[in-house]
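Novice:
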């Protein structure tokens, strides 16, 4: 199996590093990691390369995570890329909205590497 | 930041200090591997501050203040590496801690989980400032230690 390319979308560079570390601690074979500070940057990054997995925060400036997953539906070739939301905004309405736009999972901050493994592993090993 | 307009305001109560403590404990335990205890000492050297705004059924400000050394320690624990006091990650990490504690807090307060929105965090570098909450508000204050590093949490609620 080839290493996974992950796109991590969060306005906090510290949180992007923590998510990357958690993916590795979860035992995923992570190769390239693409980073974006908001939904706009993430959409721009997707023009350059298609990742195998996207992890996105919700509360971000410029374009939030819900708008990002909504717009992702219109980006050609991205329908099979699993998106997992990682956010402090874990209200039921946010979860429902994110899932309705195509997100495959939802992890609430704070989180443990075990929770990342539980939510992300099935999505990337299924491919 | 937006919030639903037809919300019933959540009424503050003294038990919220315990919920704030529980939320800080949850974040420090899961993300930083640090033990949180209540502090007897009611003063904190506040070199840096992180603030998250609350809007909706619960309106106000959630802030965490600490020394730069404590903030560097928190950042180092989060990242699993040594972080210098002047490293760019120090304020970013404190903002994320504040964001997670505020999020955890509102998820535990009935009526706030669904109908209160959080802003993105803002950080202040420096101690020479005052927060002037609106009249009629309530302020909850918590002094804690994260592995002996003192932090102060303030929750200003507008009524």
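Chains as they are written, first to last, in our numbering: chain A, -9 to 117; chain B, 21 to 179.
All C-beta atoms in this analysis are idealised placements derived from N, C-alpha and C, irrespective of residue type, glycine included.
Can you list the residues of chain B that residue 11 (chain A) reaches, using a CB-CB cut of under 9 Å?
Specialist: Chain B residues near residue 11 (chain A): 99, 100.
Novice: Looking only at its chain, what residues have a beta carbon closer than 6 Å to the beta carbon of residue 6 (chain A), apart from the 5 residues adjacent to it on each side?
Specialist: Counting only Cβ-Cβ distances below 6 Å, and skipping sequence neighbours, we find -2, 0, 25.
Novice: Of all the residues that make up the stretch -1 to 32 of chain A, which are near chain B by a beta-carbon distance shorter than 7 Å?
Specialist: If the cut-off is 7 Å between Cβ atoms, the stretch -1 to 32 of chain A has 1, 2, 3, 4, 5, 7, 8, 11 near chain B.
Novice: Just to make sure I have the definition right: I need the residues of chain A whose C-beta is within less than 8 Å of the C-beta of residue 61 (chain B). Which are they?
Specialist: Chain A residues near residue 61 (chain B): none, gap ~26 Å exceeds 8 Å.
Novice: What are the start and end residues of the beta strand (DSSP E) that includes residue 22 (chain A)?
Specialist: Per DSSP, residue 22 (chain A) belongs to the beta strand (DSSP E) from 20 to 26.
Novice: Give me the Cβ distance between residue 71 (chain B) and residue 81 (chain B), rounded to the nearest whole Å; I'm assuming they're in contact under 8 Å.
Specialist: Right, their Cβ atoms sit about 6 Å apart.
Novice: Among the candidates B:52, B:137, B:85, B:30, whose CA atom is the shortest distance from the CA of residue 173 (chain B)?
Specialist: With distances taken between Cα atoms, residue 173 (chain B) lies closest to B:85.
Novice: Since I believe residue 55 (chain A) is in contact with residue 75 (chain A) (beta carbons under 8 Å), could you give me their beta-carbon distance rounded to a whole number of angstroms?
Specialist: Indeed, because the Cβ distance is near 6 Å, the residues count as touching under 8 Å.
Novice: Under 7 Å Cβ-Cβ, which residues of chain A neighbour residue 113 (chain B)?
Specialist: Going along chain A in sequence order, the residues near residue 113 (chain B) (Cβ under 7 Å) are 4.
Novice: Distance cutoff 9 Å, beta carbons only. Does residue 170 (chain B) sit that close to anything in chain A?
Specialist: By this cut-off, residue 170 (chain B) is not an interface position.
Novice: Can you list, in chain order, the residues of its chain with a C-beta nearer than 6 Å to that of residue 120 (chain B)? Leave out the 5 residues immediately preceding and following it.
Specialist: Hits under 6 Å: 47.
Novice: Helix, strand or coil for residue 165 (chain B)? Go by DSSP, reduced to three states.
Specialist: In the structure shown, residue 165 (chain B) sits in a strand (DSSP, three-state: E or B).
Novice: Name the chain B residues that come within less than 9 Å of residue 80 (chain A), Cβ to Cβ?
Specialist: Here the neighbours are 123, 127, 133.
Novice: What's the call for residue 57 (chain B), buried or exposed, on a 16-neighbour Cβ count within 10 Å?
Specialist: Exposed, because fewer than 16 other Cβ atoms sit within 10 Å of the Cβ of residue 57 (chain B).
Novice: Give every residue of the same chain whose Cβ lies closer than 6 Å to the Cβ of residue 83 (chain B), excluding the five residues on either side of it in the sequence, and list them in chain order.
Specialist: Answer for residue 83 (chain B): 69, 71, 174, listed in chain order.
Novice: In whole angstroms, what separates the C-alpha of residue 15 (chain A) from that of residue 153 (chain B)?
Specialist: Roughly 43 Å between the two C-alpha positions.
Novice: Suppose you measure from the CA of residue 61 (chain B) to the CA of residue 58 (chain A); what does that come to, to the nearest Å?
Specialist: Near 45 Å, if we compare the C-alpha coordinates of residue 58 (chain A) and residue 61 (chain B).
Novice: Is there a C-beta anywhere in chain B that falls below 9 Å from the one on residue 90 (chain A)?
Specialist: Taking Cβ atoms only, chain B never reaches closer than 9 Å to residue 90 (chain A), which makes this a no.
Novice: So which residues on chain B does residue 102 (chain A) lean against when the C-beta distance must stay under 9 Å?
Specialist: What residue 102 (chain A) touches in chain B: 50, 51.
Novice: Need the endpoints of the alpha helix (DSSP H) that residue 140 (chain B) sits in, please.
Specialist: Residue 140 (chain B) -> no alpha helix (DSSP H), and no H or E assigned at all.
Novice: Could you tell me which residues DSSP puts in a beta bridge with residue 96 (chain A)?
Specialist: According to DSSP, which records beta bridges pairwise, residue 96 (chain A) is partnered with A:75.
Novice: Starting from residue -6 (chain A) and walking both ways along the alpha helix (DSSP H), at which residues does that stretch end?
Specialist: Run containing residue -6 (chain A): none in the alpha helix (DSSP H); it sits in the beta strand (DSSP E), -6 to -1.
Novice: Are the stretch 25 to 44 of chain B and the stretch 124 to 132 of chain B touching by the rule of at least three beta carbon pairs closer than 8 Å?
Specialist: Taking 8 Å as the limit for Cβ pairs, the verdict is that the stretch 124 to 132 of chain B does touch the stretch 25 to 44 of chain B.
Novice: Kindly indicate if chain B contains any beta-carbon less than 9 Å away from that of residue 49 (chain A).
Specialist: Yes, residue 49 (chain A) lies at the interface with chain B (some Cβ there is under 9 Å from its Cβ).
Novice: Return helix, strand or coil for residue 16 (chain A), following the three-state DSSP convention.
Specialist: Coil at residue 16 (chain A), not helix or strand.
Novice: If you count every other CB in all the chains shown that lies within 10 Å of the CB of residue 118 (chain A), and 16 or more means buried, which is it?
Specialist: Any answer about residue 118 (chain A) is impossible in this case: the structure gives chain A only from -9 up to 117.
Novice: Chain B beta carbons: is any one of them nearer than 9 Å to that of residue 40 (chain A)?
Specialist: Residue 40 (chain A) does not count as touching chain B.
Novice: Would you kindly work out how many angstroms separate the C-alpha atoms of residue 115 (chain A) and residue 22 (chain A), rounded to a whole number?
Specialist: Their Cα atoms are separated by approximately 17 Å.
Novice: Assign residue -6 (chain A) to one of two classes, buried (16 or more other C-beta atoms within 10 Å of its C-beta) or exposed (fewer than that).
Specialist: So residue -6 (chain A) ends up on the buried side.
Novice: Beta strand (DSSP E) containing residue 192 (chain B): first to last residue?
Specialist: There is simply no residue 192 (chain B) to check, as chain B begins at 21 and stops at 179 in what is shown.
Novice: Residues of chain B with CB closer than 7 Å to the CB of residue 99 (chain A), please, in chain order.
Specialist: By Cβ distance, chain B contributes 120, 123.
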